[in-house]
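Here the structure comes first, spelled out in structure tokens, and everything after it is commentary.
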């Protein structure tokens with residue numbers, strides 16, 4: 001039986017890569033938590049997708065601050081949950097994503113935190129995202145829009161949380 | 165806020181030679197909406213943890229796209245709660261707060277309502293540190309939101325229960341309506357060192 005809070009898998013890039021994917025995810029947990037610490041070769045907005053779905057079945061609402069302005073953005077019927085802001089190239093960006101009832105029969109809702117500071121630029125965000133699909137999530141994929149590579153040393157870890 | 169540092173640890177071993185497995189992040193209880201109640205209560209909460217976390221994924225039959233989920237601790241429905249919030253709706257950012265000096269209405273989470281698309285829920289993560297302290301008022305932190313591809317809200321809440329009593333029960337409730345059977349609530353305890 002899985003533990004309450006358990007690491008499922010982790011990836012550390014030994015070379016630049018355009019995607020990070022966790023597949024064959026067990027349905028034994030209640031929630032998933034994805035933790036990403038990394039950078040892009042030339043920035044790029046992160047994009048989160050489930051079960052390899054590249055269709056416009058995602059949406060999100062974001063609140064953000066960039067050191068000058070507080071703002072809120074929406075993405076409707078897009079091809080992934082995304083930030084609208086490039087991840088870092090020098091200092092790493094920290095993203096966490098909680099995916100609720102990922103193996104259940106409702107559409108999949110996620111809460112994300114995004115922390116990116118480049119010592120002169122950057123943004124902090126909190127996001128609620130939706131994948132309009134009632135299927136259980138069996139894979140989680142992360143890429144940068146435009147095919148930009150994640151840099152060597154970028155890490156991503158997937159955790160499972162199990163309720164009583 | 166992610167809890168990656170709270171991975172399972174193995175402490176010591178039993179006399180039988182089998183290692184005892186203990187976790188810093190433990191599941192205390194869970195609940196599911198019934199469709200006929202607008203209140204979820206976690207009671208008899210042990211005082212042995214350093215912090216509590218509630219994880220919610222919920223839908224209601226409130227006739228709206230979204231519904232506010234309220235909280236009271238230890239059965240206290242008096243004017244002993246204060247809160248602030250920062251809300252983004254995709255267009256504007258607004259800041260809010262409960263009415264001074266304190267309120268009986270403690271808004272802390274957001275769920276979807278009956279006019280949101282079918283099978284769509286609101287979510288939230290609520291953290292309470294030092295919940296068992298008998299010398300401090302209780303402070304809450306929450307990230308919550310609803311998103312249905314038409315409207316959405318992402319909300320950050322901070323709040324306090326103006327009581328030095330240790331929290332032994334938490335009730336999440338709707339001012340009207342019910343949580344549907346698609347709603348799940350889970351209470352976790354986080355141990356200190």
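Protein chains in written order, with the numbering used here: chain A, 1 to 164; chain B, 165 to 357. All residues carry an ideal CB built from backbone N, CA and C; glycine is no exception. Just so it is clear, the structure is predicted and the values come from calculations on it, not from any experiment.
Discussion item. Using a 10 Å radius around the Cβ and a threshold of 16 neighbouring Cβ atoms, would you call residue 77 of chain A buried or exposed?
Written reply: exposed
Discussion item. With a threshold of 7 Å on Cβ separation, who are the neighbours of residue 105 of chain A within its own chain once the five nearest residues in sequence on each side are excluded?
Written reply: 134
Discussion item. Do residue 60 of chain A and residue 129 of chain A count as a contact pair if the criterion is CB distance below 9 Å?
Written reply: yes
Discussion item. Below 9 Å on C-beta distance, what does residue 250 of chain B contact in chain A?
Written reply: 63, 70, 126
Worksheet entry | Assumed close pair residue 206 of chain B, residue 338 of chain B - CB separation to whole angstroms, cut-off 8 Å | That pair is no contact at about 16 Å.
Discussion item. On the CB-based measure, 16 or more other CB atoms within 10 Å of its CB, does residue 108 of chain A come out buried or exposed?
Written reply: buried
Worksheet item: Between which two residues does the beta strand (DSSP E) carrying residue 305 of chain B extend?
Response: 302-311
Worksheet item: Going along chain A in order, which residues have a C-beta closer than 9 Å to the C-beta of residue 194 of chain B?
Response: 30, 163, 164
Discussion item. Within 10 Å of its beta-carbon, does residue 149 of chain A have 16 or more other beta-carbons around it, so buried, or fewer, so exposed?
Written reply: buried
Worksheet item: So, helix, strand or coil for residue 320 of chain B, using DSSP?
Response: strand
Worksheet item: Taking residue 63 of chain A as the reference, which of A:126, A:84, A:88 has the closest Cα?
Response: A:126
Worksheet item: Quick one: Cα of residue 212 of chain B to Cα of residue 296 of chain B, how far?
Response: 8 Å
Practice prompt. Let me know if residue 220 of chain B comes out buried or exposed under the rule of 16 or more other beta-carbons within 10 Å of its beta-carbon.
Written response: buried
Item to complete: Tell whether a beta-carbon distance below 9 Å holds between residue 158 of chain A and residue 35 of chain A.
Response: yes
Practice prompt. Indicate whether residue 354 of chain B and residue 215 of chain B have their beta-carbon atoms separated by less than 9 Å.
Written response: yes
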